[in-house]
Structures are given as C-alpha cells and as structure tokens.
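J.:
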Amino acid sequence: RARAAIAEADTVIGYVTYIRLVAELLEGKEVIRKSMTEELDRAIEALARARQGRKVALISSGDAGVYGMAGPTFEVLFQAGWTPDSGIEVEIVPGASALNTCAALVGAPLTHDFCAISLSDLLTPWPTIARRLDAVAYADFVVALYNPRSGRRTGQIVEAQRLFLRHRDPATPVAIVKSAYRPKQRIEFTTLERMTEADIGMLTTVLIGNSQTFVRDGLMVTPRGYASKYALDAGER
C-alpha cells in the first residue's frame, strides 16, 4: 500500500534521507525535501499542497505512528481547523517500526511484554526519560531504545545503561542493530554491562532483554512461558 500511495501522489514530501530511500519511485513527481528538525514544516507543506488539490505523500521511516510523522501531521491539521469530513482525506499507511524489523533480524526478543523509549531529549526533558527508563528497568520489560546516540548527544545511552544496571544482571543480553534492512545493516550481540562499547548512532536501535531473555546460536529470544506451563513434545504437531 505504501508503494501505491507514492505512485498515486502528485507531490512527495519528506526528510532528505527518507526521500533518498524511495528515489526510484519518484520519477515525474514534485519532490520537496526537508531537514531533520522540520517535521512541522513538512506537515504544513503537505496541507498547503493538499488544499491546492494535489495528492500528497508525506514520507516517514518505519511506522508513521511510532515516533513518526502521523502525530505532527494531525497537530498541524487540527490547528488549521481540519476535520475528517472537511474535504481533505488523510490516510495513515502502516509500516514496520524499527523495533519490529530489528526484532525479526535478531530472533524473537519481543514475545513477552516490552516497551519503546526514545533517548532523544530534543522534545522530551531528560528527567522524564530517566524516570521512564528506571521504571521499565525495574518492571523487567524488554526495552527497545530509539535515538540512542547522536554526534552531539552521547551521554544518554551511558545514563540509560547505569539506570538499567540498578535493576538488571550485567549479563543481560543486548542486541544492537544499525540500519536494519538497509545496505549498511549491522547486527551485534553484547551484554548490558558492555553495550556502550558498541558502535551506536542515530540509525541504531538497542534491544535490551529482560531477566529471562537469552541468546543461543546467534538468536536472541525472550520466552513467554509456554515451556513452563505446557509439556513440550517435539513429536507433536
């Protein structure tokens, strides 16, 4: 459906990196490229083009509703007085978020309760993020860390590690996935104690296991508890 939506669009708007990822689909279209911190500008531009009668595809990486463009878009729309019956139709095309794609690459780390936390304090104050990290570490959730580190923001991942080590075994499995399903994809397994030694950047997702998560034969698995509740018989189907 995402490909079809782009094919149907007259105008395609997005962050420059995301536009580059779909470049082969953009022939003959008006393309508007925006920088990293211009999320609201992208949504405003999309609304302006839609009001001109153009079909607009607003590109978001992963899933638009998970740290993506769906939220800023609706904020702009509602501020402009838009309603679902106002004549401009809005469709959110679902996608695969980083936690889904990264989990698929490393095994089955999310088959029990989990959560996602962004370490970017650009929009959320760090004390709020730190409270959430401490709470989920204590509650034994598997955690996917988004935006773990950037060129100017390097201390948050270290502080996240410190908070988790208050509640988790230092040997807790950690998977670090960079550029999932892209040409420069890289996967590394490590432990909570050593995770900050890994190559972590803005294109990285960090998956921290819970107290039951294990790594075996290059796969990270979080059991849900079936084996302890039901007898396993390899001969049964």
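Residues 1 to 237 (the numbering used here) are what the sequence shown spells out, left to right. Cβ coordinates follow ideal geometry from the N, Cα and C atoms, glycine included. From a predicted model like this one, the values you see are computed outputs, not experimental measurements.
Go ahead and pull the three-state DSSP assignment for L119.
T.: Reading the sequence shown from its first residue, position 119 is the one you call residue 119. Reduced to three states, the DSSP call for L119 is coil.
J.: Which runs of the alpha helix (DSSP H), 4 residues or longer, sit entirely within the region 114-184?
T.: 126-138, 156-165, all fully within the region 114-184.
J.: Give the straight-line distance between the Cα atoms of V215 and V66, rounded to the nearest whole angstrom.
T.: Here residue 215 refers to the residue found at position 215 of the sequence shown. Here residue 66 refers to the residue found at position 66 of the sequence shown. Using only the alpha carbons, I get a separation of about 27 Å.
J.: Alpha carbon to alpha carbon, how far is D140 from V206? Give it in angstroms, no decimals.
T.: The residue you call residue 206 lines up with position 206 of the sequence shown. The residue you call residue 140 lines up with position 140 of the sequence shown. So the two alpha carbons sit approximately 16 Å from each other.
J.: For S61, which residues of its own chain have a beta-carbon under 6 Å away from its beta-carbon, when the five flanking residues on both sides are left out?
T.: Stepping through the sequence shown from its first residue, residue 61 is reached at position 61. Hits under 6 Å: Y18.
J.: Thinking just about the alpha-carbon of each residue, which of T172, A5, K29 is nearest to the one in E89?
T.: Working through the sequence shown from its first residue, we reach residue 89 at position 89. Taking only the C-alpha atoms, the option nearest E89 is A5.
J.: Along the chain, where does the alpha helix (DSSP H) that runs through V16 open and close?
T.: For the purposes of this step, residue 16 is taken as residue 16 along the sequence shown, with counting starting at 1. That run of the alpha helix (DSSP H) goes 16-21.
J.: I'd like the list of long-range same chain contacts for T101, defined as Cβ closer than 7 Å, with 5 residues on each side in sequence excluded.
T.: Locating residue 101 in the sequence shown gives position 101, counting from the first residue. So the list reads A180, Y181, once near-sequence residues are dropped.
J.: Let me know the secondary structure DSSP gives A57 once reduced to three states.
T.: Your numbering for residue 57 matches position 57 in the sequence shown. Three-state DSSP puts A57 in a strand.
J.: When DSSP builds the beta bridges, which residues end up paired with E30?
T.: Working through the sequence shown from its first residue, we reach residue 30 at position 30. E30 pairs with T11.
J.: Would you grab the beta carbon distance between E39 and M69 for me? Rounded to a whole angstrom, and I think it's under 8 Å.
T.: By one-based count along the sequence shown, residue 39 stands at place 39. By one-based count along the sequence shown, residue 69 stands at place 69. Contact flag correct, Cβ pair sits at about 7 Å.
J.: Roughly how many whole angstroms lie between the Cα atoms of T128 and S120?
T.: Counting from 1 along the sequence shown, the entry for residue 128 is found at position 128. Counting from 1 along the sequence shown, the entry for residue 120 is found at position 120. C-alpha separation (whole angstroms): 11 Å.
J.: How many Å lie between A7 and L26 at the Cα?
T.: Here residue 7 is taken as the residue at index 7 of the sequence shown, counted from 1. Here residue 26 is taken as the residue at index 26 of the sequence shown, counted from 1. Rounded to the nearest angstrom, the two C-alpha atoms are 8 Å apart.
J.: Going by beta carbon distance, what residues of the same chain come within less than 6 Å of P170, once the five residues before and after it are set aside?
T.: Taking the first residue of the sequence shown as position 1, residue 170 is located at position 170. Cβ within range, chain order: L192, E193.
J.: Per DSSP, what kind of secondary structure is M220 in: helix, strand or coil?
T.: Within the sequence shown, numbered from 1, the residue matching residue 220 stands at position 220. Looking at M220 - three-state DSSP - the assignment turns out to be strand.
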